[in-house]
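Here is the structure we will look at.
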Amino acid sequence: EVVNYDDVVSECGGVEWAQIQEELKVGKNMTRPTRKAAIKGAKECEVKFFAFATLDEGMAKMTASGQKKTTVQITAQVWNISKRLPRKVASVSIPNSGGFGDTGEEAFQDALRRGSKIAATRIVDQLNLKGLK
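Per the working numbering, residue 300 is the first one in the sequence shown, and the count goes up by one each step.
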């Protein structure tokens, strides 16, 4: 079961999603105080796992057939936050998931769909291997 982060902030506190987005414009990770506040809010709402992912979109290029092609890089981590210190229990990096479409946006959405499926499968496999639910 997935809990929307906005609901966590509304009910239990934490850092606003807009602040996290601003930080990610200049780096690939949240700052330590932001991450701490986000996890603290999630713990307050009795959330056991905290997941975070970023993606980078490559430049769309034209293929010989006239379609647009782009790639995305997806990085995701899952932490078990049920104890005092968070423990990373799953981590994936999908370096170049490609996608195609008539427009750059369609190619991006296709690449994101493909890469997300791969990332989700790998995360679930890691969690299952550790017996975490």
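Think of the CB as a built atom: it goes at the ideal place given N, C-alpha and C, for glycine as much as any other residue.
Reference residue i; option with closest CA among the options
| i | options | result |
| --- | --- | --- |
| Lys368 | Glu310, Asp409, Thr374 and Ser392 | Asp409 |
| Val391 | Leu384, Gln372, Glu405 and Lys432 | Gln372 |
| Trp316 | Ile380, Lys432 and Asn303 | Asn303 |
| Gly414 | Gly403, Lys429, Lys382 and Ala375 | Ala375 |
| Thr333 | Glu345, Val308 and Asp355 | Val308 |
Residue burial classification, residue i (beta-carbon count within 10 angstroms, cutoff 16)
| i | result |
| --- | --- |
| Gly365 | exposed |
| Ile417 | exposed |
| Ser396 | buried |
| Ala341 | buried |
| Thr370 | buried |
C-beta contact flag for residue i and residue j at 8 Å
| i | j | result |
| --- | --- | --- |
| Pro385 | Phe349 | yes |
| Asn379 | Lys347 | yes |
Distance, residue j Cα to residue i Cα
| i | j | result |
| --- | --- | --- |
| Glu404 | Gly398 | 10 Å |
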